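Q: Quick note: the sequence shown, position 18, residue 18 per the UniProt record's numbering, numbers continuous.
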Amino acid sequence: MVMESRSYDSSREKPLAPVSREAARTGQPSLEMLVFCCILTLAGIATLNRITVHASHIRWTPCPSTYPASLECGRLAVPVDYNHPNRAQISLGMVRLRASTPRALGNLIVNPGGPGNSAVSVLARQKQRQLVSRNLTLHYNIIAPDPRGVGASHPVRCDADVASRRVPGYITSIDDFDKLATWSETLGKSCARMTGPVFYHLDTISAARDLDRIRRALGDEKLNYMGVSYGTQLGSQYAELFPEHVGRMVLDGVLDHSQAGIDSLMTESMAAEDSFHRFTRWCNTTSKCAFYSRDLPSIFDKLVDMANEKPIPALGCHEGVVKACRPDVTGYELISQAQEDLSYPKEWARLSRALHEASEGNATLLSPRLTPRNESLPVSSQPYTYCYPCARRARCLAGLRVVARLANLVAHRVRRAGLVDDPRQRRHNPERVLVLEIQINCIAWPAPVTNPERPLSRERLARAPPILLANSLHDPSTSVVWAVGLREQMPTAVSIFRDGGGHTSYWDYGHVQKAMDAFLLNGTMPEDLAVYRS
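#1: In three-state DSSP terms, what is residue 508?
#2: Does the stretch 79 to 97 touch the stretch 150 to 161, meaning 3 or more C-beta pairs lie closer than 8 Å?
#3: To the nearest angstrom, how far is the alpha carbon of residue 384 from that of residue 297?
#4: Report the option in 104, 105, 131, 280 whose CA atom is closest to the CA atom of residue 117.
#5: Using DSSP's beta-bridge definition, name the partner residues of residue 525.
#6: Should residue 284 be labelled buried (16 or more other beta-carbon atoms within 10 Å of its own) or exposed?
#7: In terms of residues, what are the limits of the alpha helix (DSSP H) holding residue 217?
#8: Per DSSP, what kind of secondary structure is residue 285 in: helix, strand or coil?
#9: Would you call the stretch 58 to 72 and the stretch 103 to 119 in contact, with 3 or more CB pairs under 8 Å?
#10: What's the call for residue 441, buried or exposed, on a 16-neighbour Cβ count within 10 Å?
#11: If we count Cβ pairs, one from each stretch, closer than 8 Å, do we get three or more for the stretch 518 to 525 versus the stretch 248 to 256?
#12: Just verifying my parser: in three-state terms, what is the DSSP assignment at residue 443?
#13: Classify residue 280 as helix, strand or coil using the three-state DSSP reduction.
#14: With burial defined as no fewer than 16 other Cβ atoms inside 10 Å of the residue's Cβ, what is the status of residue 219: buried or exposed?
#15: Find out if the Cβ-Cβ distance for the pair residue 487, residue 495 is shorter than 7 Å.
#16: Below 6 Å CB to CB, which residues in the same chain sit around residue 507 once its five sequence neighbours on both sides are set aside?
#17: So for residue 499, helix, strand or coil by DSSP?
#18: In whole angstroms, give me the CA-to-CA distance for residue 103 and residue 97.
#19: Rounded to a whole number of angstroms, what is the C-alpha to C-alpha distance between residue 158 and residue 287?
#20: Over the uninterrupted beta strand (DSSP E) stretch that includes residue 72, give me the two end residues.
#21: Which residue or residues does DSSP assign as beta-bridge partners of residue 153?
#22: On the premise that residue 195 lies in contact with residue 139, defined as a C-beta separation below 8 Å, what is that separation, rounded to the nearest angstrom?
#23: As a quick exercise: from 106, 201, 123, 326, pick the residue whose alpha carbon is nearest that of residue 447.
#24: Looking only at its chain, what residues have a beta carbon closer than 6 Å to the beta carbon of residue 470, apart from the 5 residues adjacent to it on each side?
#25: Going by the CB atoms, is the gap between residue 343 and residue 503 shorter than 7 Å?
#26: Quick one: residues in its chain with C-beta nearer than 6 Å to the C-beta of residue 457, no 5 flanking neighbours on either side, listed in chain order?
#27: Can you tell me where the beta strand (DSSP E) holding residue 225 begins and where it ends?
#28: Using only the alpha-carbon positions, how far apart do residue 535 and residue 349 sit?
#29: Can you tell me which of 74, 264, 65 puts its alpha carbon nearest to the alpha carbon of residue 481?
#30: Can you give me the Cβ contacts of residue 105 inside the same chain, cut-off strictly under 6 Å, excluding the 5 residues immediately before and after it?
#31: Per the DSSP calculation, residue 141 is bridged to which residue(s)?
#32: Can you give the Cα-Cα distance for residue 8 and residue 534, rounded to whole angstroms?
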């Protein structure tokens, strides 16, 4: 698609559109996150423009009538490519929830993770308590911008038919590998064609520079920031780039961008193994589990094997003219769809019911959602930083098999990516080992890696004020090992931990949330390395 060049005219921008009711839950590692996962919809986005001057202010306007009346909607122009800031620009969309008290502490920017989750959607659906407490909304103006490529900020758009196409879940041969590579390349090229030049500038560094443009446009000397899951990488890389502009920063569910792909794979494999065992132990101790007092691991293994032999019907997906989900579910898809609920212990009862229904022949609750043609796909370059440069098919397949077997050595139930000679050789784990899945699904992806893994600069981060890091000890998606790894790169970091499971901790509304709030509200930093029960 050829993008039209014209002078910038802010009056021609489209307002933020009504938010989809099916936007995904915040904080989900959509690292969560491949192009067909976690669909977030906000149509009617401003087009790409060519300008010669910097936009220095945010245009705040009334939001659509479908939004809460308390929200204001804003837009800010930023460069597509910060190496050429006076060339093409895009418009970032955001919402603002003003503080309830006259004496506000200023602005607090929030990011709900993903990558690919929409901050605008969170507030538009009045789900802000997932990110900020009532105390924070009393004293801060909450600024919720969508990162570039997401929701209200020039979202990535791809061919929906390609995105919804079923591809091999288990790579057992060169033929499987070629099918997956062809799909990935075709999908990626469609995304590049339909999205335009910004597709090649969706890295976290560019998103961090966008944050600084927002800070400056708000007139703030310091950036106050709350980031969860992928939002922690965005925050940490912002702190490295602009340490002198860091205000009060809280990072919950920490990513460590310094780990090489194999290290991240091993770490996440062990975290996934731990999470699965916690889920099965819970099932053995509570009647809320649909498999109470039964051997859930064996049942799950048989269920996945059965779905691999013959996909399980998803009876609820046959209704209506336009199917919103697949009419049947493979074992690979069953594992993938189970991940969302496994990451949140409060959803474990629902997950057990979904698995129980599937065992009785109806996998509707575990069916992958298909992508309607009018929806955008939240794609970030960040998930593709571990892509293999596959010059030769056999060598690449062999390399992926090596890392998959290493994962199996440290986590016997982990077989998320299916890189085995016989899918029935492994026991199954309903927790995604996302790093390995990314390595597989990004084969032949057309966008180059622009933000490869590396340690952050301790010298630069030493100039930042204290930054609060929080992690649960049994987080299945962002391992506590990553939280410790990022801490080692941040001389001013203070770390707290929650002795529990689930992805991120703020949503638990316990002592960890209170510690985060105390720091954001009055600068009170908790004891370093403190461990809380909630």
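Using N, Cα and C, we set each Cβ at its ideal position, and we do this for glycine too.
Keep in mind the model is a prediction, meaning the values are calculated, not measured.
A: Let me lay it out:
#1: helix
#2: yes
#3: With a pLDDT of 37 at residue 384, under the threshold of 50, the modelled position of that residue is not reliable, and the figure given next carries that caveat. Each residue's alpha carbon lies about 32 Å from the other.
#4: 131
#5: Its beta-bridge partners do not exist; DSSP assigns none.
#6: exposed
#7: 204 to 218
#8: coil
#9: no
#10: buried
#11: yes
#12: coil
#13: helix
#14: exposed
#15: yes
#16: 130
#17: strand
#18: 15 Å
#19: 44 Å
#20: 71 to 79
#21: 150
#22: About 38 Å; that fails the 8 Å criterion.
#23: 201
#24: 252, 496, 505, 512
#25: yes
#26: 240
#27: 223 to 228
#28: Residue numbering for the chain in the displayed model covers 1 to 534; residue 535 lies beyond these limits and cannot be assessed.
#29: 264
#30: 139, 140
#31: 107
#32: Low confidence applies to residue 8: its pLDDT is 29, below 50, so where it sits in the model is not reliable, and the reading given next is rough at best. Between residue 8 and residue 534, the C-alpha separation is close to 50 Å.
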